[in-house]
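>
Residue numbers (the UniProt record's numbering): 1 to 199.
Below is the structure:
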């Protein structure tokens, strides 16, 4: 249960809605890992969460949406971290933003992201969705890097390359952690950015 679900600012109705949505998310992840994404139906998810099929569609337009539910908020927070630090070397800021992105996840959110990674690897449908999400991240990151580095370097190659490598470091950390839960995220991130030092 997240802090949001127990917040005193939420009324009873809003808390019930949030709890129902969280129950659907937990059920979906459990089934995706047990049966695989493609073999799991919306009916399966609703049944495990003990809600109706119609209730599922109050919160999600498709089962894919359960997995990418919080991506926009995560992406916005990541870009805000980068945008706030304009007077430091770009590689330091990128590395620190990746660290902060992972450190900012609570235990349940991290488990959900790692579960998504495991499920995604086994589903062509989700690989397509993950690619679309990655492109959104890359576009925003590249725009931010172009603005930050304007007038200082040749941006035609460097901005997209830095954006792509930053995403690769983050994705590699998640992929390796989905296989080995004992992985030291900080070590993977620092190793990835150490490769960029010559730039």
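Idealized CB from N, CA, C, for every residue including glycine.
Nearest to residue 195 by CA position, among 40, 97, 168, is which residue?
In the chain shown, the residue the question calls residue 195 occupies position 195. Considering only alpha carbons, the answer is 168.
> Hey, quick one: how far does the alpha helix (DSSP H) through residue 50 stretch, first residue to last?
If you number the chain shown from 1, residue 50 lands on position 50. No alpha helix (DSSP H) contains residue 50, which DSSP labels as neither H nor E.
> In the DSSP assignment, find the alpha helix (DSSP H) that holds residue 25 and state where it starts and stops.
The residue labelled residue 25 in the question sits at position 25 within the chain shown. Start and end: 12-35.
> Looking at the secondary structure, which residues open and close the alpha helix (DSSP H) in which residue 75 lies?
Position 75 of the chain shown, counted from the start, is the residue given in the question as residue 75. Residue 75 -> alpha helix (DSSP H) spans 71-84.
> With H, G and I counted as helix, E and B as strand and the rest as coil, what does DSSP make of residue 60?
Residue mapping note: residue 60 aligns to position 60 of the chain shown, counting from 1. Correct three-state label for residue 60: coil.
> Nearest-angstrom Cα distance between residue 138 and residue 124?
The sequence position of residue 138 within the chain shown is 138, counting from 1. The sequence position of residue 124 within the chain shown is 124, counting from 1. Between residue 138 and residue 124, the C-alpha separation is close to 21 Å.
> Give me the residue from 52, 42, 175 with the minimum Cα distance to residue 119.
Taking the first residue of the chain shown as position 1, residue 119 is located at position 119. Closest by alpha carbon: 175.
> Any contact of the region 10-18 with the region 32-49, i.e. 3+ C-beta pairs under 8 Å?
In short, these stretches do not touch, since the Cβ pair count stays below three.
> What's the C-alpha gap between residue 23 and residue 193?
The sequence position of residue 23 within the chain shown is 23, counting from 1. The sequence position of residue 193 within the chain shown is 193, counting from 1. Cα to Cα, residue 23 sits roughly 38 Å from residue 193.
> Could you check the C-alpha separation between residue 190 and residue 94 for me, to the nearest Å?
Within the chain shown, numbered from 1, the residue matching residue 190 stands at position 190. Within the chain shown, numbered from 1, the residue matching residue 94 stands at position 94. About 11 Å.
> Can you tell which of 61, 58, 32, 107 has its C-alpha closest to the C-alpha of residue 48?
Working through the chain shown from its first residue, we reach residue 48 at position 48. When each option's Cα is compared against that of residue 48, the closest is 32.
> Could you round the C-beta distance between residue 186 and residue 99 to whole angstroms and report it? I think they count as a contact, below 8 Å.
As a working mapping, residue 186 is identified with position 186 in the chain shown. As a working mapping, residue 99 is identified with position 99 in the chain shown. Yes, they are in contact, since the Cβ atoms of residue 186 and residue 99 sit about 7 Å apart, within 8 Å.
> Nearest-angstrom Cα distance between residue 220 and residue 149?
Residue 220 lies beyond the range of the chain shown here (1 to 199); nothing can be said about it.
> In three-state terms, what does DSSP make of residue 44?
Here residue 44 is taken as the residue at index 44 of the chain shown, counted from 1. In the structure shown, residue 44 sits in a helix (DSSP, three-state: H, G or I).
> Do you know offhand how far residue 113's Cα is from residue 121's?
Reading the chain shown from its first residue, position 113 is the one you call residue 113. Reading the chain shown from its first residue, position 121 is the one you call residue 121. Roughly 13 Å separates the two Cα atoms.
> Between the beta-carbon of residue 141 and the beta-carbon of residue 117, is there less than 8 Å?
Translated into the one-based positions of the chain shown, residue 141 becomes position 141. Translated into the one-based positions of the chain shown, residue 117 becomes position 117. The answer is no: Cβ separation not under 8 Å.
> Helix, strand or coil: which one does DSSP assign to residue 181?
Counting from one through the chain shown, the residue named residue 181 turns up at place 181. Note: residue 181 maps to coil in three-state DSSP.
> According to DSSP, is residue 132 helix, strand or coil?
Taking the first residue of the chain shown as position 1, residue 132 is located at position 132. Residue 132 falls in the helix class under three-state DSSP.
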